[in-house]
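A.B. asks: Heads up: the sequence shown begins at 135 in my numbering, then just goes up one per residue.
Take this structure, written in structure tokens, and hold onto it; I'll ask about it next.
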Amino acid sequence: MILNEVIMTNRKHFTRFIGLGLLCLIFMPALAVSAQSNPEIIRWLAPQYIAQGWFPSISVDETDSVYIGWHGGTDDNELLDLLWLDVLRPGETFGDPVDVVFAAEGGYTVRSALDVSTDGVVYAMYRTHTSHALSNAPAERADSAQEWKQVAHFQNAAYYLDMVVDRNNVIHAISSEQGVNLQIIDTGKLAENALRERFPCAFCSDLIYRRSADGGRTWTSPINLSESIDGSERPDIFEGHSGRLYVTWDEGADWYISQGEYQDVRFIYSDDGGQSWSDVIILSGNELRHLHPTQFSLTEMNNGNLMAVWRYGLDTDRRIYFQISEDLGQTWTEPEPIPYIVADNVQDSELDKYELITDLTGAVHLFAVGFDEASLQGPALYHITYIQGSWLIPSRIYYDPDVKRPEWPSAAVGPRNDLHVAWFVRVGDGVNAADVGTLQVYYSSRTPTLPDRPVLVAYAPTATPVPLPTRIPTFEPTATILPTLAPLDTNTNVKINRDQYASQTLVGALLAVGLLCGGLLVVTGFRRRR
Numbered sequence: 135m136i137l138n139e140v141i142m143t144n145r146k147h148f149t150r151f152i153g154l155g156l157l158c159l160i161f162m163p164a165l166a167v168s169a170q171s172n173p174e175i176i177r178w179l180a181p182q183y184i185a186q187g188w189f190p191s192i193s194v195d196e197t198d199s200v201y202i203g204w205h206g207g208t209d210d211n212e213l214l215d216l217l218w219l220d221v222l223r224p225g226e227t228f229g230d231p232v233d234v235v236f237a238a239e240g241g242y243t244v245r246s247a248l249d250v251s252t253d254g255v256v257y258a259m260y261r262t263h264t265s266h267a268l269s270n271a272p273a274e275r276a277d278s279a280q281e282w283k284q285v286a287h288f289q290n291a292a293y294y295l296d297m298v299v300d301r302n303n304v305i306h307a308i309s310s311e312q313g314v315n316l317q318i319i320d321t322g323k324l325a326e327n328a329l330r331e332r333f334p335c336a337f338c339s340d341l342i343y344r345r346s347a348d349g350g351r352t353w354t355s356p357i358n359l360s361e362s363i364d365g366s367e368r369p370d371i372f373e374g375h376s377g378r379l380y381v382t383w384d385e386g387a388d389w390y391i392s393q394g395e396y397q398d399v400r401f402i403y404s405d406d407g408g409q410s411w412s413d414v415i416i417l418s419g420n421e422l423r424h425l426h427p428t429q430f431s432l433t434e435m436n437n438g439n440l441m442a443v444w445r446y447g448l449d450t451d452r453r454i455y456f457q458i459s460e461d462l463g464q465t466w467t468e469p470e471p472i473p474y475i476v477a478d479n480v481q482d483s484e485l486d487k488y489e490l491i492t493d494l495t496g497a498v499h500l501f502a503v504g505f506d507e508a509s510l511q512g513p514a515l516y517h518i519t520y521i522q523g524s525w526l527i528p529s530r531i532y533y534d535p536d537v538k539r540p541e542w543p544s545a546a547v548g549p550r551n552d553l554h555v556a557w558f559v560r561v562g563d564g565v566n567a568a569d570v571g572t573l574q575v576y577y578s579s580r581t582p583t584l585p586d587r588p589v590l591v592a593y594a595p596t597a598t599p600v601p602l603p604t605r606i607p608t609f610e611p612t613a614t615i616l617p618t619l620a621p622l623d624t625n626t627n628v629k630i631n632r633d634q635y636a637s638q639t640l641v642g643a644l645l646a647v648g649l650l651c652g653g654l655l656v657v658t659g660f661r662r663r664r
């Protein structure tokens, strides 16, 4: 009798154990899939050398074609200042670079900005001598120099520039221009030396805004957005997820004329396509404002919040900080250091920038040159993602210990949430494009995280635009006959991004296992009590 009870008890325990084992076997494949969803699937490709040159710009169009522009010379004449372009079509490799614009001769840095309209036109804004100009070409034939035509020229420009084409194909351009401060200051009859002594930044640049709704043929009257008596540099103009326009810049110094000092970082926004602008919003660095923020970058998150990233202008504190605003910059969280990396020293980053973008799923991506926080190994180009309130462990995109310093990352998001970034490296003491081989442009990309979407085989031309007066009261969207891309389907099964989904999948699977195992224990316990 006692032996039978022991056997029955052990049988019940054995049955319970077998049941739990079977449940674990059922869920093991799901857990294995979750565990294997890692950067082997979503990863950065090895850096690809593009050409000799520096200060690249990048854009990706709706067909997922990648356009990279940069300043370079030729093998025969390094003093030629040319805007070069290379194009990467889907499923192909980069072709031979093409010098699409002769900008100047003699070592005038050709700063540039690229963007592509929805009707298939590539626009390039660039520096030519000490002015700025805009040229364009059909996207399908952008790699042919004969297709590029200059459509606008802006006098009195200085060094920095930026440009964006919005969703309605309106072009928004920013130029740094000298001499504008003299219109703000009551100079009287001061001689130039006395003027410089009284107003050290009297000849520093301000940021001038223009827009065109007809492909660059006519423009609105220029508007001074920064409107200060100090230097305003490193501007960035972009269109947020909401359609709002933002312009950001560093205030205080003017690197081009070696005047002024870092003060703070600023931005301004427009809710009506550039017809009117908000008051200037200033981020001063809070308690350490005496260190003066610089190297400012801003992005609009998918929930409407803003994220700002900057570093201080003194090497006393080389951490990179971020802040978040939920009310369009009226109030901000306290500055918090971004983990894992620290900034490059100030002297080596005078012409560098941070790139901050929000992808199609709402993740925020920072591209920054810096050093590993633990080992201080660097400088290297890092990519670090912010999602669900946390910064993930960064990916090191580029590092070369042989005296190669990466600089000026420019990034763009493709239609399948693929990320693309271009940058240049200084080899040794390379300081300008005439130093053959000392400045090199590189490119890398991260594999898509969204499923394939309809790919446009060709662009359809828009209707011929009607010439507009100088001042534009309203903007009408440019009509196209392009197929409308389907909205993102959040229920579509895609390869899991470990950064975003792996932890959730793992926790969900473990919770399901726990609930079912708990249910089995209750059932077996109930039967035993019977």
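The beta carbon of each residue, even a glycine, is placed where N, CA and C say it ideally should be.
Report back the beta-carbon spacing between T243 and R223 to the nearest angstrom; my notes put them in contact at under 8 Å.
C.D. replies: About 29 Å; that fails the 8 Å criterion.
A.B. asks: Smallest Cα separation from Q522: which of N437, I531, H554?
C.D. replies: Nearest C-alpha to Q522: N437.
A.B. asks: Determine the direct distance from the alpha carbon of F333 to that of D493, and round the result to whole angstroms.
C.D. replies: In a straight line, the C-alpha of D493 is about 43 Å away from that of F333.
A.B. asks: Alpha carbon to alpha carbon, how far is I615 from N479?
C.D. replies: Confidence at I615 is low in this model, with a pLDDT of 33, below 50, so the placement of that residue is unreliable and no value is reported for it.
A.B. asks: Would V561 and P540 be called neighbours here (beta carbons separated by less than 8 Å)?
C.D. replies: Taking 8 Å as the Cβ cut-off, V561 and P540 do not qualify as a contacting pair.
A.B. asks: What did DSSP end up calling I672 once you bin it into helix, strand or coil?
C.D. replies: The requested residue 672 is not part of the displayed model; the chain covers only 135 to 664.
A.B. asks: Please tell me whether A291 and H266 are closer than 8 Å, where the distance is taken between their beta carbons.
C.D. replies: A contact, by the Cβ cut-off of 8 Å.
A.B. asks: So, with DSSP's three-state summary, where would you put D233?
C.D. replies: Three-state DSSP puts D233 in a strand.
A.B. asks: Give me the Cα-Cα distance between Q638 and T495, rounded to the nearest whole angstrom.
C.D. replies: Note on Q638: pLDDT 38, under 50, position unreliable in the model; the coordinate value appears next. Their Cα atoms are separated by approximately 16 Å.
A.B. asks: Give me the Cα-Cα distance between D230 and W204, rounded to the nearest whole angstrom.
C.D. replies: For D230 and W204, the distance between alpha carbons rounds to 14 Å.
A.B. asks: Quick check on the DSSP output: what are the complete alpha helix (DSSP H) runs of length 4 or more inside the stretch 283–307, in order along the chain?
C.D. replies: With a minimum length of 4 residues, no continuous alpha helix (DSSP H) run stays inside the stretch 283–307.
A.B. asks: Closest to S362 by CA distance: which of R275, H554, W466, S310 is it?
C.D. replies: That would be S310, whose Cα lies nearest to the Cα of S362.
A.B. asks: From S579 to I518, what does the alpha carbon distance come to, in whole angstroms?
C.D. replies: Approximately 14 Å, taken between the alpha carbons.
A.B. asks: Report the CB separation of D253 from N303 in whole angstroms; it is logged as a contact under 8 Å.
C.D. replies: Indeed they touch by this definition, with Cβ atoms about 6 Å apart.
A.B. asks: Rounded to the nearest angstrom, what separates Y532 and V503 at their Cα positions?
C.D. replies: For Y532 and V503, the distance between alpha carbons rounds to 9 Å.
A.B. asks: Name the DSSP bridge partner or partners of P540?
C.D. replies: The partner list for P540 (beta bridge, DSSP) reads V559.
A.B. asks: Hey, could you find the ends of the beta strand (DSSP E) Q457 is sitting in?
C.D. replies: Q457 -> beta strand (DSSP E) spans 453–459.
A.B. asks: Who are the Cβ neighbours of K283 in its own chain at under 8 Å, not counting the five residues just before and after it?
C.D. replies: Closer than 8 Å at the Cβ level, and outside the excluded window around K283, lie S269, N270, A271.
A.B. asks: Where does D405 sit, in a helix, a strand or coil, going by DSSP?
C.D. replies: Three-state DSSP puts D405 in coil, outside helix and strand.
A.B. asks: Which first and last residues belong to the beta strand (DSSP E) in which V498 is found?
C.D. replies: Start and end: 498–506.
A.B. asks: Quick check on Q511: does DSSP put it in helix, strand or coil?
C.D. replies: DSSP places Q511 in coil when its eight states are reduced to three.
A.B. asks: Does the separation of the CB atoms of S366 and D398 fall below 8 Å?
C.D. replies: Contact: no.
A.B. asks: Based on the DSSP output, what are the partners of G520 in its beta bridges?
C.D. replies: For the record, residue 520 in the displayed sequence is Tyr; it is not Gly. Looking at the DSSP assignment, Y520 forms a beta bridge with V498, W525.
A.B. asks: Secondary structure at G438, three-state DSSP: helix, strand or coil?
C.D. replies: In this structure, G438 counts as coil in the three-state DSSP scheme.
A.B. asks: Please identify the residue among G447, Q464, A545, L432 whose C-alpha is closest to the C-alpha of F456.
C.D. replies: Of the candidates G447, Q464, A545, L432, the one whose C-alpha sits nearest the C-alpha of F456 is L432.
A.B. asks: Please look up how many angstroms separate the CB atoms of G447 and P427, rounded, as I've assumed it's under 8 Å.
C.D. replies: Confirmed, about 7 Å.
A.B. asks: In the structure shown, what three-state DSSP assignment does R345 receive?
C.D. replies: Three-state DSSP puts R345 in a strand.
A.B. asks: DSSP on L425, reduced to helix/strand/coil?
C.D. replies: Reduced to three states, the DSSP call for L425 is helix.
A.B. asks: Around the Cβ of T508, are there at least 16 other Cβ atoms within 10 angstroms (buried) or fewer (exposed)?
C.D. replies: What sits at residue 508 in the sequence shown is Ala, not Thr. A508 comes out exposed.
A.B. asks: Round the Cβ separation of I184 and D220 to the nearest angstrom and send it over; I've been treating them as touching at under 8 Å.
C.D. replies: The pair is a contact, with the Cβ atoms about 6 Å apart (cut-off 8 Å).
A.B. asks: Which first and last residues belong to the beta strand (DSSP E) in which F189 is found?
C.D. replies: From DSSP, the beta strand (DSSP E) with F189 extends over 188–194.
A.B. asks: Need the endpoints of the beta strand (DSSP E) that P471 sits in, please.
C.D. replies: Note, P471: beta strand (DSSP E), 470–477.
A.B. asks: Taking a contact to mean a Cβ-Cβ separation below 8 Å, would you say G672 touches L217 in this structure?
C.D. replies: The question about residue 672 has no answer, for the chain in this structure spans 135 to 664.
A.B. asks: Once DSSP output is grouped into helix, strand and coil, what is the label at E239?
C.D. replies: Three-state result, E239: strand.
A.B. asks: Determine, using beta carbons only, whether L417 and W444 come nearer to each other than 8 Å.
C.D. replies: A contact, by the Cβ cut-off of 8 Å.
A.B. asks: What is the rounded straight-line gap between the Cα of E385 and the Cα of E274?
C.D. replies: One C-alpha to the other measures close to 39 Å.
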